[in-house]
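For what it's worth, full-length UniProt numbering labels the leading residue of the sequence shown as 1, then goes sequentially. Glycine included, C-beta positions come from ideal geometry on N, C-alpha and C.
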Amino acid sequence: KTELEEVIARIDKQSREMFTETFEKVRANFQKIFPDLFGGGRADLVLTEDEDVLEAGVEIVASPPGKKLHRIGLLSGGEQTMTAVGLLFSLYQVKPSPFCVLDELDAPLDDANIERYVQKLKEFLVHSQFIIITHSKRTIAAADVLYGVTMQERGVSRIVSVKFSPAQTESQNDLASETKHVAEKKDNEEVFLAK
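1. Enumerate, from N- to C-terminal direction, the unbroken beta strand (DSSP E) stretches of 3 or more residues contained entirely within the UniProt domain "RecF/RecN/SMC N-terminal" (74–157).
2. Please report the Cβ distance between Phe30 and Leu45, rounded to the nearest whole angstrom; I am assuming they are in contact, meaning their Cβ atoms lie under 8 Å.
3. Assuming the contact rule is C-beta atoms closer than 8 Å, Arg10 and Leu54 should be a hit. Round their C-beta distance to whole Å, please.
4. The alpha helix (DSSP H) with Ala9 in it runs from where to where?
5. Can you tell me the Cβ-Cβ gap for Leu37 and Gly77, rounded? I've got them flagged as a contact below 8 Å.
6. Leaving out the 5 sequence neighbours to the left and right, which residues in its chain are closer than 6 Å to Lys163 when beta-carbon positions are compared?
7. What is the rounded straight-line gap between the Cα of Arg27 and the Cα of Leu74?
8. Excluding sequence positions up to five away, which residues of its chain have a Cβ less than 6 Å from the Cβ of Leu69?
9. Which two residues bound the contiguous beta strand (DSSP E) that contains Asp44?
10. With Ile60 as the anchor, note down where its beta strand (DSSP E) starts and where it stops.
11. Whole angstroms is fine: what's the gap from Ala142's alpha carbon to Val126's?
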């Protein structure tokens with residue numbers, strides 16, 4: 001029995017150390033990324049009071065520019081989304097993966113926030129690919145590859161793909177606008193893969 005208790009104690013100790021180390025890295029990243037996404041302000045991750053870090057909860061507090069520090073639940077929908085994006089990117093910096101799928105993450109964002117979201121996303125393209133499902137023209141315009149899903153007849157979907165070269169950058173906005181118009185007309189979604 002003592003051997004088993006020693007093993008459990010050792011595992012608990014390692015778990016606490018790993019959690020604390022990872023939490024501090026994510027927290028530091030979050031404190032840097034949040035002001036980039038909001039054009040100022042500050043945010044933090046706070047462990048709820050508990051003697052054991054493995055039993056404690058994590059609270060997200062954020063203060064967009066010109067606002068007081070609040071729990072995430074008191075922020076507007078767009079602010080909550082941008083805060084969540086900041087946390088997602090903070091976690092991603094600690095443990096990146098070869099690709100990431102984001103499904104309409106930009107839906108509640110206005111144009112200014114979408115622009116900051118896309119700029120931050122581009123920083124991660126060095127290490128990963130992102131598959132993004134979106135209706136946003138601004139997000140579509142930032143894509144390297146665009147896959148449009150359209151329904152030509154009831155129950156039959158068709159995929160249209162376009163790969164952009166650096167020379168096509170100016171025409172991307174036009175294509176994104178046209179694709180958005182077609183999608184709105186047909187009530188479909190676009191998907192792009194940025195690399």
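This is what the structure gives:
1. 99–103, 129–134, 145–153, all fully within the UniProt domain "RecF/RecN/SMC N-terminal" (74–157).
2. Between Leu45 and Phe30 the Cβ distance is about 6 Å, and since that is below 8 Å, they are a contact.
3. Arg10 to Leu54, Cβ: 14 Å. No contact.
4. 2–38
5. With 8 Å as the limit, Leu37 and Gly77 do not qualify as a contact, their Cβ atoms being about 15 Å apart.
6. In its chain, beyond the 5 residues on either side, Val145 have a beta carbon closer than 6 Å to the beta carbon of Lys163.
7. 20 Å
8. Cβ contact annotation for Leu69 (same chain, cutoff 6 Å, sequence separation greater than five): Val61, Ser63, in chain order.
9. 42–47
10. 58–63
11. 15 Å
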